[in-house]
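Here is the structure we will look at, set down as structure tokens.
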């Protein structure tokens, strides 16, 4: 054990050596990054677009890049594909930006990272010569890219929750939560679970809790995007709707282990009457391996008196402030939000941010869930746009998890959630 | 008695004790005691690379963590919404964890609300200690039994030893995924037991799952360490006891147990240190489940929420484990030495 | 080794008691064998079973297929398991080599020399071997982020040395102290220098010890997950991290069967190593363990 005082002296000596060694290696990689954040605003040239692994079947990013490059031979875009693990992709960005490197010109950010990057000064504000016309874009998606009243990124694709239901058992989708709970008798007679979303303690639980609370008129933060307001009767009613359904078995007990895959699996095995999930399930449930192939429909999430409130997913694309070709990067952002690019995105089964595409007959024929999704996204609320999002999300999921499991009352969970969100980032 | 226990255990090289002995350990048999003393500066030259390497990979990060822990994490500038450096933190990063103090909206310190990492420190300490005590106790008990069985003579003994090495050789991450599959809702654990337990979610099933997986993986290692100790016990001791009419149970409690105690205590010490840093199993098997959140899990969750506060937490963790190790070495170490001395006297 | 068995040979008369005793031993043997093998067996059975029957509980292999292995090794769904295997070899191999290269000198000094402060060195090495790696995560994550090392091999190899090196030193020290050093003395009397004596006479004798220590160090290094999960990128992640993050063809389905196949791929070489070098590994483990 390193206990004795006698061992201290040699340790100090060697530590000093070590510091010198590491400092030497450290300095060398810092020196090559002398970019200032305000330069290169009118410079053009080849740029690099960075996003996590593209899992779309059509290869959306590749198509986008090809279309762009055909028109811009001198300002070619290169696609740098990151890991398919969100944490790794996040850390990769952080590292490049911390070192003020210019090699990642455009960065596709998960909506919940946008505020963090903006607050750290790692995103070029989209104002003045970088202004982006957002009039045609879905309002909630623009909100998700806005921090401190400034737009910091261009929404690229969005995502919203949908209700999948067994149309062979219930002919029409329930319009409200109460109606859906009423139809749980059908599930009982068929000996299957009634409803499930994602309730394992991870980001998915934050999303599901947010949807329940928002649908009942509650909100995590107020209009300023900062002040925590979750301690309200509406939020209590929202969380209570989930907790009650879990207690009385309308949400089956094993749903507390569900992330997206498990809940989707349960639905596709025919074990669930209703499922809350992302649009991708529309495609996977149609595969041969699915027991509900041809037996399911899709609808907006049910709320209190009608359509419920979905939580927004998706990606925003921001410009690296250290980029050396910002003018080209900005043009590519404008291209990304154009109809041409948004159509390519939609055809890859990623929900576009351009409102008009949701009514496009050709796209609707291909993806019949688009009208339901449009309604869902029109009612969507972005998750709090805060640099301390991980702490906020943790406060939500930990307390919601405890309430679901009956470890604390709904009242207490909401009070603790409020306090937890308040202390995030203080 | 022809073979003394002292000499038998002399065959187990004791690196702590090595320093106290004259150079050339086998001096008794080889007669090289006249060898001129070795060491001095040369010895330090040979050892220097190891010390420097350890200083770089352990010493430097620890010092860096301590320095970081006295700095505030970056906060937001109210007007610009931009991050600004936090400045000096004094001990606030430490009180944050130890007394679960969080700043409130108004800036005064309040107790950390549930759902913040700060509120989970002592619970995580409790979980870690609980896992440590339960797994090490189970592993020592079952390991001792395994060692006794494996010490008997039977055909295929080598094969059995190879078989118990398999759980030890499988990387913990793979073990965790394997048990994750076994304990999944539709998995074989529920089917074999006829239960519908949520092994990775509900508090006690999740704790049991972690304990079962850990005990499965490390008991064989424990058993082999104990077995090595068992094999140091000279056979004549048993012979004599048998002649004196001692029963099998008496032989176990009066001979095996006391003689194997040093090996057992060392094995327990090593395992305890291992269990205190448990991360892979609870994290991969049960994810962000509060019932199985160990200190290591808490540190890793904090890393991305603020380096400096995380540094304070890892420094606390380090000190905590250090204190436990210190007491164990004092208590167990003294115990082991005393037992060894007793044995020597007894054997003469 | 029968003569070393604690209970020793039985008196000839007690045959009936011996029968009962044998029975009890074999029950114990079976329990231990099942303990060691059953979960591993279940992993292999599932790995070779059609993924549609993953949750089938038939205890023997059914619905045989190699599909899971193809899925596990496929790079089409964002995994790159072959690369992760290579990374583990690189990281494990490099950490082991570095640890052996510098550890061997210290082990020699500790086993062969007397000098002031030896206790401190021994204590430091033992302390380091018990050091919680989690205390390294934060400073290293921040440091490596600053100098752009996250996702580079040295960011994974260097921290591994923190636990591989102490293990190497104490295992080698206990092996070395059992070697017949009088041979070295003899060589020196014949005029060899200390270095020559070590290199020409002792090193060949110590080769098995070095080999065993290398195996132990390599296994310990490959086993590491915590630091690797924080400090690696998709390019450098080792198998432990790859398995924990494994996602299937469909990113939204838990690919249990493919994970079991991936686990099997990782484990089989280790199991073969264990079977081949069982005796050595145990002596190495206990050398480091029994005697601190």
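Chains as they are written, first to last, in our numbering: chain A, 74 to 499; chain B, 35 to 382; chain C, 844 to 1135.
We treat Cβ as the ideally placed atom computed from N, Cα and C, and that holds for glycine.
Assuming residue 129 of chain A contacts residue 421 of chain A (C-beta within less than 8 Å), just tell me the rounded distance between them.
Contact holds; Cβ gap of about 4 Å.
With a CB to CB cut of under 6 Å and the five nearest residues on each side skipped, what residues in its chain are close to residue 1141 of chain C?
Because chain C is modelled from 844 through 1135, residue 1141 of chain C falls outside the range shown and cannot be assessed.
Can you check whether the C-beta of residue 172 of chain A is within less than 8 Å of a C-beta belonging to chain C?
Under the Cβ distance rule, residue 172 of chain A counts among the residues neighbouring chain C, one pair being separated by less than 8 Å.
Under 8 Å, do residue 352 of chain B and residue 978 of chain C count as touching if we go by C-beta distance?
Contact: yes.
Using 8 Å as the threshold, is the region 1110 to 1127 of chain C in touch with the region 203 to 214 of chain B, meaning 3 or more CB pairs across them?
The region 1110 to 1127 of chain C, when compared against the region 203 to 214 of chain B, does touch it at the 8 Å Cβ threshold.
Beta-carbon neighbours of residue 1118 of chain C, restricted to chain B and to distances below 8 Å:
196, listed in chain order.
Any beta carbon from chain B within less than 8 Å of residue 484 of chain A's own beta carbon?
For residue 484 of chain A, no CB of chain B lies under 8 Å from its own CB, so it is not counted at the interface with that chain.
DSSP three-state label for residue 135 of chain B, please.
When secondary structure is reduced to three states using DSSP, residue 135 of chain B falls in the strand class.
Using the rule of at least 16 other Cβ atoms within 10 Å of the residue's Cβ for burial, across every protein chain shown, is residue 116 of chain A buried or exposed?
The Cβ neighbour count for residue 116 of chain A, taken over all protein chains shown within 10 Å, is under 16; the residue is labelled exposed.
When the Cα of residue 177 of chain B is compared with those of B/256, B/271 and B/354, which residue comes out closest?
For the residues B/256, B/271 and B/354, the minimum Cα distance to residue 177 of chain B belongs to B/256.
Proximal residues of chain E, C-beta to C-beta of residue 147 of chain B below 7 Å:
In summary, chain E is missing from the structure at hand, where the protein chains are A, B and C.
Would DSSP call residue 427 of chain A helix, strand or coil?
Note: residue 427 of chain A maps to strand in three-state DSSP.
Taking three-plus beta-carbon pairs below 8 Å as touching, is the region 361 to 378 of chain A in contact with the region 393 to 412 of chain A?
The region 361 to 378 of chain A vs the region 393 to 412 of chain A: no contact.
C-alpha distance - residue 1088 of chain C paired with residue 186 of chain A, whole-angstrom precision:
Distance between the alpha carbons of residue 1088 of chain C and residue 186 of chain A is about 21 Å.
What does the Cβ neighbour count give for residue 1067 of chain C, buried or exposed, with the cut at 16 atoms within 10 Å?
So residue 1067 of chain C ends up on the buried side.
Which chain A residues are close to residue 127 of chain B, counting only those with a beta carbon under 9 Å from its beta carbon?
By Cβ distance, chain A contributes nothing, its closest Cβ being about 14 Å from residue 127 of chain B, past 9 Å.
Could you check whether the region 129 to 148 of chain B touches the region 301 to 309 of chain B, counting it as contact only if at least three pairs of C-beta atoms, one from each stretch, sit closer than 8 Å?
With a cut-off of 8 Å, the region 301 to 309 of chain B and the region 129 to 148 of chain B do not count as touching, because too few Cβ pairs lie within range.
Let me know if residue 284 of chain A comes out buried or exposed under the rule of 16 or more other beta-carbons within 10 Å of its beta-carbon.
Under a 10 Å Cβ-count criterion, residue 284 of chain A is classified as buried, with 16 or more other Cβ atoms of the shown protein chains found around its own Cβ.
Host alpha helix (DSSP H) of residue 215 of chain B (start-end):
Segment 206 to 216, the alpha helix (DSSP H) holding residue 215 of chain B.
DSSP state of residue 124 of chain A, grouped into three classes?
Secondary structure at residue 124 of chain A: strand, using DSSP grouped into helix, strand and coil.
Rounded separation between residue 116 of chain B and residue 110 of chain B - CA only:
Rounded to whole angstroms, the gap between the alpha carbons of residue 116 of chain B and residue 110 of chain B is 5 Å.
Residue nearest to residue 330 of chain A in terms of C-alpha spacing, selected from A/121, A/120, A/474 and A/126
The residue from A/121, A/120, A/474 and A/126 with its alpha-carbon nearest to that of residue 330 of chain A is A/474.
Run the proximity test for residue 318 of chain B: is its beta-carbon closer than 7 Å to any non-hydrogen atom belonging to the ligand FAD?
Absence of the ligand FAD from the depicted structure is noted, as is the absence of any ligand whatsoever, leaving it without description.
Locate the alpha helix (DSSP H) running through residue 184 of chain A, then write down its first and last residues.
Counting along the chain, residue 184 of chain A falls outside any alpha helix (DSSP H), and DSSP gives it neither H nor E.
Would you list, in chain order, the members of the region 468 to 482 of chain A that have their beta-carbon closer than 7 Å to a beta-carbon of chain B?
From the region 468 to 482 of chain A, only 468, 471 and 472 have a Cβ closer than 7 Å to chain B.
Backbone secondary structure at residue 1041 of chain C - three-state DSSP:
Helix, per DSSP.
Short check: CB of residue 380 of chain A to CB of residue 217 of chain A, under 8 Å?
For residue 380 of chain A and residue 217 of chain A, no; Cβs fall outside 8 Å.
Going straight from the alpha carbon of residue 964 of chain C to that of residue 998 of chain C, what length do you get?
So the alpha carbons of these two residues sit roughly 26 Å apart.
Mind pulling the alpha helix (DSSP H) runs of 4 or more residues that sit fully within the region 233 to 275 of chain A?
With a minimum length of 4 residues, the unbroken runs of alpha helix (DSSP H) contained wholly in the region 233 to 275 of chain A fall at 250 to 255 and 257 to 262.
Nearest by alpha-carbon distance to residue 214 of chain B: which of B/284, B/314, B/153 and B/118 is it?
Nearest of B/284, B/314, B/153 and B/118 to residue 214 of chain B, Cα basis: B/314.
Under 8 Å between C-beta atoms, does residue 104 of chain A make it to chain C?
Residue placement at residue 104 of chain A is flagged as unreliable, the pLDDT there being 34, under the threshold of 50; a coordinate-derived value is accordingly withheld.
Closer than 8 Å to chain B by CB, residue 997 of chain C:
So, not an interface residue.
With a cut-off of 8 Å, does the C-beta of residue 130 of chain A fall near any C-beta of chain C?
Output row for residue 130 of chain A: interface = no.
Taking only the alpha-carbon atoms, compute the straight-line gap between residue 302 of chain B and residue 395 of chain A and give it to the nearest angstrom.
Looking at the two C-alpha atoms, the distance is approximately 54 Å.
Comparing the C-beta of residue 321 of chain A with each C-beta of chain B, is any distance below 8 Å?
With 8 Å as the cut-off, residue 321 of chain A does not count as an interface residue toward chain B.
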